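K.L.:
Numbering (UniProt numbering), first residue to last: 1 to 413.
All C-beta atoms, glycine included, are put in the ideal place defined by N, C-alpha and C.
What you are looking at is a predicted structure, and each value in this text was computed from that prediction instead of being measured.
Dropping a structure here in structure tokens format, bear with me for questions.
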Amino acid sequence: MAALKVEITSTETVKPSSPTPNHLRTHKLTILDQTAPPAYDQDSFAESLKDSLSNTLNVYYPLAGRYRDDFSIDCNDAGVDLVRARVGCHLSDALGQETVDEDRLLPLLPCRPQGRRVDSDGELVLLAVQVSFFECGGLSVGVCCWHGVSDACTLACFLRTWMMKTQDGNDESSGVVRDCTDVFPPRDLSAASESVEGFRAAVATPGTRIKRFVFGRDKIAALRRDIEAANSQQRPSRVQAVSAVIWAAAIKIARVKNEGRGQCHIAAMTTNLRSRMEPALPPVDNDDDYNALAAKLRESVKMVNDENMRKAMGSGFSNVLRRFAEEYAEGNLLAISSWCRFPFYEVDFGIGKPIWMCFFTMCYNLVVLLDAEDGVGIEAWVTLSEEDMSKFEKDVGVLKYATCSKSIVGVHH
1 MAALKVEITS TETVKPSSPT PNHLRTHKLT ILDQTAPPAY DQDSFAESLK DSLSNTLNVY
61 YPLAGRYRDD FSIDCNDAGV DLVRARVGCH LSDALGQETV DEDRLLPLLP CRPQGRRVDS
121 DGELVLLAVQ VSFFECGGLS VGVCCWHGVS DACTLACFLR TWMMKTQDGN DESSGVVRDC
181 TDVFPPRDLS AASESVEGFR AAVATPGTRI KRFVFGRDKI AALRRDIEAA NSQQRPSRVQ
241 AVSAVIWAAA IKIARVKNEG RGQCHIAAMT TNLRSRMEPA LPPVDNDDDY NALAAKLRES
301 VKMVNDENMR KAMGSGFSNV LRRFAEEYAE GNLLAISSWC RFPFYEVDFG IGKPIWMCFF
361 TMCYNLVVLL DAEDGVGIEA WVTLSEEDMS KFEKDVGVLK YATCSKSIVG VHH
């Protein structure tokens with residue numbers, strides 16, 4: 001499939017509209033940040049986005065800073081990159097194709113996922129935005145952000161603040177940047193450099209493919225009923241149910257690669273630590289036992305509390321990284337991150353809410369779950385090796401409950 005024809009019309013640096021106070025000039029990084037893997041007048045509208053972005057950076061000032069070292073960000077107001085572009089087709093042409101893949105998504109981003117965007121001084125730009133205007137008047141907003149200063153929750157809040165400041169400038173967000181090093185104190189990782197680099201290298205394994213699998217609302221309802229009927233003590237959430245199907249497929253792939261030898265397969269499922277980490281999940285005998293897998297995920301999430309978080313971030317953290325690197329390399333670890341319930345579809349810059357929101361990365365063995373536009377279905381963005389992806393998309397459970405990457409319109413039922 002031919003890539004989109006995108007012409008970059010301008011690139012500029014946007015800085016906070018007011019300087020960051022001296023006492024906030026250094027933003028400390030936590031241990032988690034240290035190890036993060038990597039119909040309107042268009043000109044007038046673009047200027048409005050630029051001005052409101054500048055005002056938003058007053059609140060999210062670390063994003064306009066520069067990476068100083070493994071322990072901190074210099075909040076020096078160096079700015080973020082804002083790219084404007086024109087796309088030589090209608091928005092419906094881009095999203096109405098049989099397959100929406102990297103050839104159609106990458107040109108709409110200001111940089112490649114896991115890549116580095118640097119400024120004129122060669123320093124890492126922590127946030128870059130590309131606003132692309134289509135011939136029909138539609139637009140896309142592509143955001144690339146360094147994981148060390150932002151996660152999904154932070155990104156959703158940032159976009160909400162930017163939206164409010166674009167609409168009327170009355171958003172009163174404050175105090176959103178917090179020092180979390182008391183909970184996740186930074187560490188000198190030089191002694192564990194082998195584990196850290198092993199983990200990063202494993203996550204960034206080359207030769208990966210990303211595909212989109214849509215679990216429509218009716219299919220999810222059927223899946224949850226099927227799991228509940230299998231003597232489940234509690235009906236799984238839609239995220240747990242979808243994760244169970246994906247995990248089961250990954251287990252089968254791993255067992256074939258290991259010639260049927262029994263081994264522990266780990267699902268590393270991210271949770272929002274703001275409201276609440278180390279449970280090792282044992283293998284299951286039945287590869288398609290979605291009930292058992294959903295239950296294990298539910299039990300593990302319950303274990304994410306203050307005590308376990310501090311334990312996981314303690315002196316044994318390098319061992320955790322080493323174990324993760326080893327399991328990633330063997331294909332025995334699947335990372336699942338849910339972005340569901342974050343209000344991405346509520347972001348309205350004054351021209352209407354988005355018709356679609358997606359995620360793009362090339363991290364090995366990673367699954368990111370997103371709300372479908374209806375808020376009930378789930379889009380699973382799955383990144384696997386070429387070999388594993390060819391098996392995953394043919395898995396009986398995946399075929400039963402999901403639709404593989406079709407056009408954006410009409411697949412959420």
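Quick one: is V125 buried, meaning 16 or more other Cβ sit within 10 Å of its Cβ, or exposed?
P.N.:
Along the sequence shown, read from residue 1 onward, the residue named residue 125 stands at position 125. By the neighbour-count rule (16 or more Cβ atoms within 10 Å), V125 is buried.
K.L.:
Could you give the distance in angstroms between the alpha-carbon of I355 and the alpha-carbon of L399?
P.N.:
In the sequence shown, residue 355 corresponds to position 355, counting from 1. In the sequence shown, residue 399 corresponds to position 399, counting from 1. Their Cα atoms are separated by approximately 25 Å.
K.L.:
Three or more beta-carbon pairs under 8 Å between the segment 340-356 and the segment 213-221, yes or no?
P.N.:
In short, these stretches do not touch, since the Cβ pair count stays below three.
K.L.:
Among N22, E47 and H27, which residue has its Cα nearest to the Cα of S10?
P.N.:
Reading the sequence shown from its first residue, position 10 is the one you call residue 10. That would be E47, whose Cα lies nearest to the Cα of S10.
K.L.:
Please state the DSSP three-state secondary structure of K353.
P.N.:
By one-based count along the sequence shown, residue 353 stands at place 353. Reduced to three states, the DSSP call for K353 is coil.
K.L.:
For A268, which residues does DSSP report across the bridge?
P.N.:
Within the sequence shown, residue 268 is the residue found at index 268, counting from 1. Looking at the DSSP assignment, A268 forms a beta bridge with A335.
K.L.:
According to DSSP, is D81 part of a helix, a strand, or is it coil?
P.N.:
One-based indexing of the sequence shown puts residue 81 at position 81. Strand, per DSSP.
K.L.:
Within the chosen definition, does the segment 78-95 reach the segment 129-148 through at least 3 CB pairs nearer than 8 Å?
P.N.:
Touching, per the Cβ criterion.
K.L.:
So, for L105: in the same chain, excluding its five sequence neighbours on each side, which residues have a beta-carbon less than 6 Å away from its beta-carbon?
P.N.:
For this step, residue 105 is matched to residue 105 along the sequence shown. Excluding positions up to five away in sequence, the list reads F360.
K.L.:
Considering only their Cβ atoms, is the gap separating F71 from I253 smaller than 8 Å?
P.N.:
Here residue 253 refers to the residue found at position 253 of the sequence shown. Here residue 71 refers to the residue found at position 71 of the sequence shown. No.
K.L.:
How is Q234 classed by DSSP in three states: helix, strand or coil?
P.N.:
Locating residue 234 in the sequence shown gives position 234, where the first residue counts as 1. Note: Q234 maps to coil in three-state DSSP.
K.L.:
Does the pairing of the segment 151-167 with the segment 107-119 give three or more beta-carbon distances under 8 Å?
P.N.:
Contact fails: fewer than three Cβ-Cβ distances are below 8 Å.
K.L.:
Take G65 and list the residues in its own chain whose beta-carbon comes closer than 6 Å to its own, dropping the five residues that flank it on each side.
P.N.:
Position 65 of the sequence shown, counting from 1, holds the residue named residue 65. The residues are I73, D74, C75 and N76.
K.L.:
What number of angstroms, rounded off, separates the C-alpha of V14 from the C-alpha of A152?
P.N.:
Within the sequence shown, residue 14 is the residue found at index 14, counting from 1. Within the sequence shown, residue 152 is the residue found at index 152, counting from 1. Going by the C-alpha atoms only, they are around 22 Å apart.
K.L.:
Along the chain, where does the alpha helix (DSSP H) that runs through G88 open and close?
P.N.:
Numbered from its first residue, the sequence shown carries residue 88 at position 88. Run containing G88: none; DSSP gives neither H nor E here.
K.L.:
What three-state label does DSSP hand Y40 in the structure shown?
P.N.:
Taking the first residue of the sequence shown as 1, we reach residue 40 at position 40. In this prediction, Y40 scores a pLDDT of 49, lower than 50, which makes its location untrustworthy; the coordinate-derived value is nonetheless stated afterwards. In the structure shown, Y40 sits in coil (DSSP, three-state: anything other than H, G, I, E or B).
K.L.:
Using CA coordinates, which residue listed in Y345, E330, G331 and D371 is at the minimum distance from S337?
P.N.:
What you label residue 337 is simply residue 337 of the sequence shown in a count that begins at 1. The shortest C-alpha separation from S337 is found at D371.
K.L.:
Report yes if the C-beta distance between I246 and V382 is below 8 Å; otherwise report no.
P.N.:
Translated into positions along the sequence shown, residue 246 becomes position 246. Translated into positions along the sequence shown, residue 382 becomes position 382. Cβ distance < 8 Å, so I246 and V382 count as in contact.
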